[in-house]
Every structure is written in C-alpha cells, then in structure tokens.
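Residue numbers (our numbering): 19 to 328.
Take a look at the structure:
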C-alpha cells in the first residue's frame, strides 16, 4: 500500500479481512474456528488459587459453564482430520451473572508476535494459496517470518489426529495476571489436562473416520459421563515473557491444579456466544501481550459479521 494512503481500517478489521481473503467468507459463521460443537459443563474449583486471585470461579463455589470445541479453520464444512489444531473455549457463568472466558488450543504458542505481523502473514498465506507470488517472493516471505513462526509450526507439524476432543491437552497460549486481595500480581498461563489422558489416532485409524467424528464421539462419551478436564495454571517467573505468544515458558515451571471441569452434555450453540478471551472478571488482568489485547475488537467484528447471515 502506498505510504501516502494509510489503511483507514483498524488492525482488528484488517485481521478479520485477511482471514476472509485467505479462506471465505462463510456467511453466518465465525471467521476462525468456524466448525464447532457446544456442551454444557460444571466447573468445580478446589480453592488452591484463592491466595493468588479474587476471581469468583477460582475460589470454592461451583459454577456452570458452556464449552465449545472446534477445529481451527475458517471453513465450517472442513473435515475434522484436515484441521490439525483443535480449540476448546470455556465460558464460566459467574455467581453475579457475569461471564469470563478461557480460550485454548492444542498447540501452546501462536505463530505471530504482533497484530501487524499476523496480518502480514495472513496476506502472504493468501497470496501463496492464490498463486500470486513468484518463487523468490515465496522464499523471501518464508525467511522473513521463519524465526517468529517456527515454534508454532513445529508444534503444529507434530500434532497427530486426536482420538477425541476429550483426549487432547489444550493451552490458552497467552499470559494473564492473577491479582489477589492484597494487590499482588502473578503471571500465569492456563492448561486443560484431559482426565482420559492424551490419545491419538494412527494414520490407518484416521483414514476410517467420518468428517465430523469428533463431535459424534464427544456426544457419545458425555452420555456415559466420562468427559472431564483439570484446569492447571502455570506460574511464570519474573523473566518469563508475557508479551510474546510465540514463545513457550520453560517446562519446569510450577503447575497448580485449580479445579475440575465436567462436560455434562451437548447443547445448541447460543446465538450470542462470543468466546472473547479478554472478557475478564475482577482478580484477573490482561498481560502486555499485543495479540491478546487486540483480540477484543477482532472478536466483536467477527461476531457482527457472523450475525449478518446473508
């Protein structure tokens, strides 16, 4: 774009448009994680986080929740096996009738450090897909973004198809700050650990799965009452990055189990369900992660476009 004519759109608008340019738009669907299934759930905190935060759902009171499992692709018709990363978004319904969300995926890092680089990468990916780049341009694009994206693509490449949504570990990617009643702040990341353990399909097993096997499997499992997750919070040290979602924290960081999520059964997706990870409750604050902070407007734009079903 010519430097004398800056893009009048906000970064969030550009980001949503870049996803559409890559694949879509699919009217009436989310701009990402379009294919999904919703379930009711109960979250039972164990109180072990109460010294770190005043957040209502991390004390001792059981709260209801809505959980949406999903593929990561913008195409709502894509077969489960063709979308390697999976998502698990949880909306906690707090005692005062407010809500807060944890949005997680099966890889622990993101592929872009800033909104600007996310938009640039999506534009480059669209140009790759639509065969608009010469070979030197393709090589230059890969080199330009390799150091930033390599962690995410390494994790993505290592993913195997899950046996079930209920046998995958999910990472919330971004850091948040927990705040206690003294005003002390602790940087944390969230992880959902499956009660059933982590199980994947072999290549032969994967070939025989129907396109929407994950939703059907989870509905069957919930009727048997066997789907649950433990919520762990990973405690960051003072030198752990909170502003870069492309970097993992060291594996030896302390993990604190703070509660249990029980999936109770399938539900129709609520029309107004927006799994915005920036929608917080007192006792939890956003970190300085620029991708996290720009998600609020991006989710709002996606929700608005989704509501325009024509």
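Idealized CB from N, CA, C, for every residue including glycine.
According to DSSP, what are the bridge partners of residue 82? By one-based count along the chain shown, residue 82 stands at place 64. In DSSP, residue 82 forms a bridge with 60, 111.
N-terminal and C-terminal residue of the alpha helix (DSSP H) that residue 234 is part of: Within the chain shown, residue 234 is the residue found at index 216, counting from 1. Segment 231-241, the alpha helix (DSSP H) holding residue 234.
Which parts of the stretch 162-233 are runs of the alpha helix (DSSP H), unbroken and 4 residues or longer, counting only runs that do not cross its ends? 221-225
Taking Cβ to Cβ, would you say residue 240 is nearer than 9 Å to residue 185? By 1-based counting over the chain shown, the position of residue 240 is 222. By 1-based counting over the chain shown, the position of residue 185 is 167. It is not a contact, given that the beta carbons lie outside the stated cut-off.
Per DSSP, residue 247 forms a beta bridge with which residues? On the chain shown, residue 247 is found 229 positions in, with the first residue counted as 1. Per DSSP, 212, 279.
For residue 121, the first and last residue of its enclosing beta strand (DSSP E): Here the question's residue 121 lines up with position 103 in the chain shown. Residues 117-123.
With burial defined as no fewer than 16 other Cβ atoms inside 10 Å of the residue's Cβ, what is the status of residue 75: buried or exposed? Mapped onto the chain shown, residue 75 falls at position 57. Buried, because 16 or more other Cβ atoms sit within 10 Å of the Cβ of residue 75.
For residue 297, name the three-state secondary structure that DSSP assigns. Position 279 of the chain shown, counted from the first residue, corresponds to residue 297. Three-state result, residue 297: coil.
Examine the ligand NAD and report whether any of its heavy atoms sits within less than 8 Å of the Cβ of residue 108. This structure does not include the ligand NAD; it has no bound ligands of any sort.
DSSP state of residue 273, grouped into three classes? In the chain shown, the residue the question calls residue 273 occupies position 255. Note: residue 273 maps to strand in three-state DSSP.
Thinking C-alpha only, which one of 54, 266, 116 is nearest residue 173? Working through the chain shown from its first residue, we reach residue 173 at position 155. Looking at the Cα atoms, 266 is the closest of the given residues.
Helix, strand or coil, according to DSSP, for residue 312 in the structure here? Residue 312 sits at position 294 when you count from the first residue of the chain shown. The answer is helix: DSSP assigns residue 312 an H, G or I state.
Work out the CA separation of residue 183 and residue 135 for me, nearest whole Å. The residue labelled residue 135 in the question sits at position 117 within the chain shown. The residue labelled residue 183 in the question sits at position 165 within the chain shown. Cα to Cα, residue 135 sits roughly 30 Å from residue 183.
Given residue 73, which residues of its chain have a CB within under 6 Å of its CB, disregarding the five upstream and five downstream residues? Translated into positions along the chain shown, residue 73 becomes position 55. Only 299, 301, 302 meet the Cβ criterion.
Where residue 86 falls, given that 16 or more other Cβ within 10 Å makes a residue buried: Here residue 86 refers to the residue found at position 68 when the chain shown is read from its first residue. That one is buried.
Answer with buried or exposed for residue 286, where buried requires no fewer than 16 other C-beta atoms within 10 angstroms of its C-beta. Taking the first residue of the chain shown as position 1, residue 286 is located at position 268. So residue 286 ends up on the exposed side.
DSSP beta-bridge partners of residue 54: Mapped onto the chain shown, residue 54 falls at position 36. Paired residue(s): 88.
So, for residue 68: in the same chain, excluding its five sequence neighbours on each side, which residues have a beta-carbon less than 6 Å away from its beta-carbon? Within the chain shown, numbered from 1, the residue matching residue 68 stands at position 50. Excluding positions up to five away in sequence, the list reads 77.
Out of 258, 269, 262, 292, which has the shortest C-alpha to C-alpha gap to residue 130? For the purposes of this step, residue 130 is taken as residue 112 along the chain shown, with counting starting at 1. Cα-wise, what sits closest to residue 130 is 262.
Through-space distance from residue 61 to residue 112, alpha-carbon basis: Position 94 of the chain shown, counting from 1, holds the residue named residue 112. Position 43 of the chain shown, counting from 1, holds the residue named residue 61. Cα to Cα, residue 112 sits roughly 10 Å from residue 61.
Same chain, Cβ closer than 6 Å to residue 203, neighbours up to 5 away in sequence not counted: Taking the chain shown and counting its residues from 1, the one referred to as residue 203 is at position 185. Hits under 6 Å: 195, 197.
Can you grab the Cα-Cα spacing for the pair residue 188 / residue 254, in whole Å? In the chain shown, residue 188 corresponds to position 170, counting from 1. In the chain shown, residue 254 corresponds to position 236, counting from 1. Computed Cα separation, rounded: 18 Å.
Distance, Cα to Cα, residue 132 vs residue 312? Position 114 of the chain shown, counted from the start, is the residue given in the question as residue 132. Position 294 of the chain shown, counted from the start, is the residue given in the question as residue 312. Going by the C-alpha atoms only, they are around 9 Å apart.
Have a look at residue 80 and residue 293 and give me their C-alpha separation to the nearest angstrom. As a first step, residue 80 is located in the chain shown; it is residue number 62 there, counting from the start. As a first step, residue 293 is located in the chain shown; it is residue number 275 there, counting from the start. The straight-line gap from Cα to Cα measures roughly 20 Å.
For the beta strand (DSSP E) that residue 303 lies in, which residues bound it at each end? Within the chain shown, the letter at position 285 stands for residue 303. Start and end: 302-304.
If you reduce the DSSP assignment to three classes, tell me which class residue 133 lands in. For the purposes of this step, residue 133 is identified with residue 115 of the chain shown, where counting begins at 1. Of the three classes helix, strand and coil, the one that applies to residue 133 here is helix, per DSSP.
Secondary structure at residue 76, three-state DSSP: helix, strand or coil? For this step, residue 76 is matched to residue 58 along the chain shown. Correct three-state label for residue 76: helix.
From this set, 70, 219, 56, 211, which residue's C-alpha is nearest residue 199's C-alpha? By 1-based counting over the chain shown, the position of residue 199 is 181. Closest option to residue 199, Cα to Cα, is 70.
Taking 9 Å as the threshold (C-beta atoms), are residue 310 and residue 295 in contact? Within the chain shown, the letter at position 277 stands for residue 295. Within the chain shown, the letter at position 292 stands for residue 310. Result yes, Cβ atoms of residue 295 and residue 310 sit closer than 9 Å.
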